[in-house]
Structure formats: structure tokens, C-alpha cells
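**Student:** The structure's right below; bear with me while I get my questions together.
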């Protein structure tokens, strides 16, 4: 019995490496480089053409490739790999507000980012925590950085899961088409504040999603991931140096790199993603000049 439990734990942890974006991207980059440099001439030629296609392809910025293919999206989001991650960490999705009206579009605003966004990627971006049952009729896409769509192979999986580019034009286009979006406004900056026992959000300079909500008439659904910051041990000593290093890495890569002492989530720390009551952004704006004051008042 002990041997079977140990083997099951190994399966869960190996699956975790392939299920989460940051680790999946590293694996895909390694495979692509190997095929590009050490395979046959035909394979190298195909990889080269594929690399050029990735750079030129506008699909992630034009509402995503599979937005109209619900069958493929449902299959990707219900993949057993995500459910194994849910079981490994014990991630739960809790709705504390009344049912959402499918006639409206919503911005699911998630905090905190954490090291690699375990809560948002499992509970909101996929169906591992039964999102369709908790929010029936709500169709959503998950926003991620453009850099994610430059990673060979991984980008196709992201597109199949309904990921889109996190730029204003794409987000507004999806919302106006009646789609909802999942967004982490704090982004990489919020990730630098990840530390067990803390819950620090980055919001003062992140009001763009409120402007988008006002422009499109979308409701903002606040989402909090309790336990998100407890999954990884960050370096307790030299916290300021760590923050400076992460800031420099963010400027170079445009996304945060996990600087922590463990590769896998700490055992026994559950993540509970709680979604609140939808908020209508109805602050008035004349359409002239800076609208910061009206957003601040809201």
C-alpha cells in the first residue's frame, strides 16, 4: 500500500510539471530547441517555418483561435491533467453571490497572483473545479501575456484552452461579443510580493480593467484565492534584494519568474477561490482629458 501511494504521488508531481504554464513552456522550449538544432534537415526546416509562423501569427490578438470551437475547448479544459493538479493541491471554487446572468459579460478579476497563479489557472481558466456548474451559461477566455504565445507547441495548447492576449483591443473585442474574461490585474508586479502569511495586492496603478468595464458595460467579479501565497516558500532573508532581482527579470522577460525554495506546492495548503458579487462600473466620464479622478472616486 505504501508503495502504491508513493507511486501515485510521483505521478501527481510529474503531471504538475506538464500542467502549469511556466513549467510547460520550459519543457516545450527545450523540445523545440532540440528539434531545431539536432534533428534531421526536414525536421529542422519544419521547425524553422513554425518559428516564423509563431512570430507572424495574429491569432492570439484576434479573439483567439478556438473561440468558436466549444467542443475542443471543453475537452481541453476538462483534461484529466488539470483535475490531478486540483487533487494534488486541493483547490476549490466557491461562489458567494447569486447566479450570474449569462446575458451580461463579466471580468473575473483574480488576486493575488502568487508565484505561478495556481488558483486562477485551475479554478477559473479550466473546468477542473466545475466552473460551468458554478457559473452556468458563462463563456470566458483567460488573458495572458503575449510572450506566452511565442513559445512553440505550448501556444497551441493555450489557444485550445481559450487563452487570449492581454491587450486592450483583444479584451474589449471579447467583451463586446458577449464573452467574459479572466484577468489577474496585479500581474507580475503582484507576484514579487508573494510570501507565506501575507496578502498584498497591487491595485493602485492597475485601473485599466475598470476603464474597460466601463467602456464595454461588463461587470467586475472580484475573486480572491485564499491560500495562493502559501504554496511556495520564498526567500525570507534578503527580501528586498529578491524583489529588485524579480523586478529586473520582469522588465527583461515581461513576466515574473518564480524565485522560491520549492518546485512543487507545499503539502497541506488548500487554495479556496472565492468569487464575490458582480460590480457595475457606472462612474461618469465626460470623455475629455484624464479620467483618473472619476475612477479613483469609484
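Residue numbers (the working numbering): 1438 to 1735. For each residue, glycine too, the CB sits at the ideal point set by N, CA and C. All figures in this text were calculated on a predicted structure; none of them were measured in a lab.
(1) Compare the Cα-Cα distances from residue 1525 to each of 1569, 1589, 1624 and 1559 and report the closest residue.
(2) Determine the burial state of residue 1596: buried for a count of at least 16 other Cβ atoms within 10 Å of its Cβ, exposed for fewer.
(3) What do you reckon, are the CB atoms on residue 1659 and residue 1640 nearer than 8 Å?
(4) Can at least three beta-carbon pairs, one atom from the segment 1471-1488 and one from the segment 1526-1542, be found at a separation below 8 Å?
(5) For residue 1663 versus residue 1708, is the C-beta spacing smaller than 8 Å?
(6) By the three-class DSSP mapping on this structure, what secondary structure does residue 1569 have?
(7) Just verifying my parser: in three-state terms, what is the DSSP assignment at residue 1662?
(8) Going by the DSSP bridge assignment, what does residue 1580 pair with across the sheet?
(9) Taking buried to mean at least 16 other C-beta atoms within 10 Å of its own C-beta, is residue 1457 buried or exposed?
(10) CB residue 1519 to CB residue 1591, shorter than 8 Å?
(11) Taking the alpha-carbon of residue 1574 as reference, which of 1603, 1617, 1649 and 1665 has the nearest alpha-carbon?
(12) Using the rule of at least 16 other Cβ atoms within 10 Å of the residue's Cβ for burial, across every protein chain shown, is residue 1508 buried or exposed?
(13) May I ask you to report which of helix, strand or coil DSSP gives residue 1487?
(14) Where does residue 1549 land, buried or exposed, given buried means 16+ other C-beta within 10 angstroms?
(15) What are the boundary residues of the alpha helix (DSSP H) that includes residue 1646?
(16) If you count every other CB in all the chains shown that lies within 10 Å of the CB of residue 1556, and 16 or more means buried, which is it?
(17) Please work out which residues of its chain come closer than 8 Å, Cβ to Cβ, to residue 1529, disregarding the five sequence neighbours upstream and downstream, and give them in chain order.
(18) Mind the definition here: the segment 1508-1517 touches the segment 1598-1607 only if three or more C-beta pairs lie below 8 Å; say whether that holds.
(19) Using 8 Å as the threshold, is the C-beta distance between residue 1670 and residue 1633 below it?
(20) What are the boundary residues of the alpha helix (DSSP H) that residue 1464 is part of?
(21) Would you list the one or two residues that DSSP bridges to residue 1543?
(22) Mapping DSSP to helix, strand and coil, what is residue 1514?
(23) Are the beta-carbon atoms belonging to residue 1453 and residue 1646 less than 8 Å from one another?
(24) Is the separation between the beta-carbon of residue 1589 and that of residue 1491 shorter than 8 Å?
(25) Rounded to the nearest angstrom, what separates residue 1673 and residue 1521 at their Cα positions?
(26) Which residue's Cα is closest to the Cα of residue 1705: 1444, 1541, 1665 and 1570?
(27) Suppose the cutoff is 6 Å on Cβ atoms and the five residues either side in sequence are ignored; what does the same chain contact list for residue 1463 look like?
(28) Counting C-beta neighbours from all protein chains within 10 Å, is the total for residue 1642 16 or more, i.e. buried, or is it exposed?
(29) Give me the residue from 1628, 1593, 1718 and 1506 with the minimum Cα distance to residue 1465.
**Tutor:** Considering the structure as presented:
(1) 1559
(2) buried
(3) Taking 8 Å as the Cβ cut-off, residue 1659 and residue 1640 do not qualify as a contacting pair.
(4) Judged by Cβ distances under 8 Å, the segment 1471-1488 makes no contact with the segment 1526-1542, as fewer than three pairs qualify.
(5) yes
(6) Residue 1569: helix per DSSP, three-state reduction.
(7) strand
(8) 1601
(9) Buried is the label assigned to residue 1457, since at least 16 other Cβ atoms lie within 10 Å of its Cβ.
(10) Between residue 1519 and residue 1591, the C-beta gap is not smaller than 8 Å, which leaves the two residues out of contact.
(11) The shortest C-alpha separation from residue 1574 is found at 1617.
(12) exposed
(13) Assignment of residue 1487 by DSSP, reduced to helix, strand and coil, places it in the helix class.
(14) buried
(15) 1645-1653
(16) Answer is buried; the Cβ neighbour count reaches 16.
(17) 1560, 1566, 1707, 1708, 1709 and 1710
(18) yes
(19) yes
(20) 1458-1475
(21) Beta-bridge pairing links residue 1543 to 1656.
(22) helix
(23) no
(24) yes
(25) With a pLDDT of 49 at residue 1673, under the threshold of 50, the modelled position of this residue cannot be trusted, and the question is left open.
(26) 1665
(27) none
(28) exposed
(29) 1593
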